[in-house]
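Input: a single structure, listed below in structure tokens.
Numbering (this note's numbering), first residue to last: 79 to 340.
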């Protein structure tokens, strides 16, 4: 397999892992959001993220199956945890989502963080959506990029996620004293995970990233977080303790009843 194709498969898996975990986290709000309208909004965000993940996993699985020797760990037969039927030897969207372990996931750490309160959730969605917007817009505009079609399908969804989360940050940050404090606390907490996102952007994208964040920070009356602790090991397969719990819940059914027909 050419190196460029291998890199694109690796990129697709990382982008899919990001979207899958954000979808899983947003789904945790179902039935718990402050008002029904926002409960539905977050459920829709979850479906969008998982839909993005499916497209990327499907594309990656096709490439992996076409070049199995380049990705032996992703097509090997694995016995289920219950000692039942082995998985198919071909990669599928389900095998990539449900049959990889914590070190195999290459998502950014921000996507696996717990939701926390409402402010923390909208902060996570905003920063992740800003990253997605910059990345997918660039891919969509690049002729011949293998992921161009997927990027073109998802950019409108991403821009809605960005607009929705930005409006909530403005509402909380420039609202009451209590809402401002909650938003500032969330801003400070998430800030340590932003360099990992920013470092995966081009120089031009980093400038746009900085401009968007600075403008929103000023408009919402928030202050820059005072932290020198940066966490950026997710793409190396080194994760927080939270990912193991998310995967245990998400993968339980598939691993308990492999190859089941529904």
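Cβ atoms here follow ideal geometry from the backbone N, Cα and C, with glycine treated the same way. Since the structure is predicted, the reported quantities are computational estimates derived from the model, not experimental observations.
Can you tell me whether residue i is helix, strand or coil according to DSSP?
i	result
residue 222	coil
residue 412	Residue 412 is absent from the structure shown; the chain starts at 79 and stops at 340.
residue 269	helix
residue 129	helix
residue 158	With a pLDDT of 42 at residue 158, under the threshold of 50, the modelled position of that residue is not reliable, and the figure given next carries that caveat. It is coil, neither helix nor strand.
residue 184	coil
residue 338	coil
residue 178	coil
residue 79	Caution applies to residue 79, whose pLDDT of 48 falls short of 50 and renders its modelled position unreliable; the value that the coordinates give is listed next. In this structure, residue 79 counts as coil in the three-state DSSP scheme.
residue 191	coil
residue 104	helix
residue 149	coil
residue 168	coil
residue 320	helix
residue 111	coil
residue 232	helix
residue 88	helix
residue 119	helix
residue 140	helix
residue 304	coil
residue 199	helix
residue 215	helix
Below 8 Å on the Cβ atoms is my guess for residue i versus residue j; work out the distance and round it to an integer in Å.
i	j	result
residue 139	residue 174	6 Å
residue 197	residue 250	6 Å
residue 214	residue 233	5 Å
residue 240	residue 207	4 Å
residue 302	residue 184	In fact, because the Cβ distance is near 28 Å, the residues do not count as touching under 8 Å.
residue 120	residue 104	5 Å
residue 194	residue 264	7 Å
residue 141	residue 180	Incorrect: roughly 23 Å between the Cβ atoms, too far for contact.
Residue i: buried (16+ other C-beta within 10 angstroms of its C-beta) or exposed?
i	result
residue 324	buried
residue 98	buried
residue 159	With a pLDDT of 42 at residue 159, under the threshold of 50, the modelled position of this residue cannot be trusted; read the value that follows with caution. Its Cβ having fewer than 16 others within 10 Å, residue 159 is exposed.
residue 211	buried
residue 336	buried
residue 189	buried
residue 259	exposed
residue 340	exposed
residue 130	buried
residue 217	buried
residue 151	exposed
residue 168	exposed
residue 102	buried
residue 203	buried
residue 187	buried
residue 91	buried
residue 338	exposed
residue 341	The chain is shown from 79 up to 340; residue 341 falls before or after that span and cannot be answered.
residue 201	buried
Please go through the segment 236 to 300 and give each complete beta strand (DSSP E) segment of 3 or more residues, from N-terminal end onward. Annotation note: the segment 236 to 300 contains no uninterrupted beta strand (DSSP E) run of length 3 or greater.
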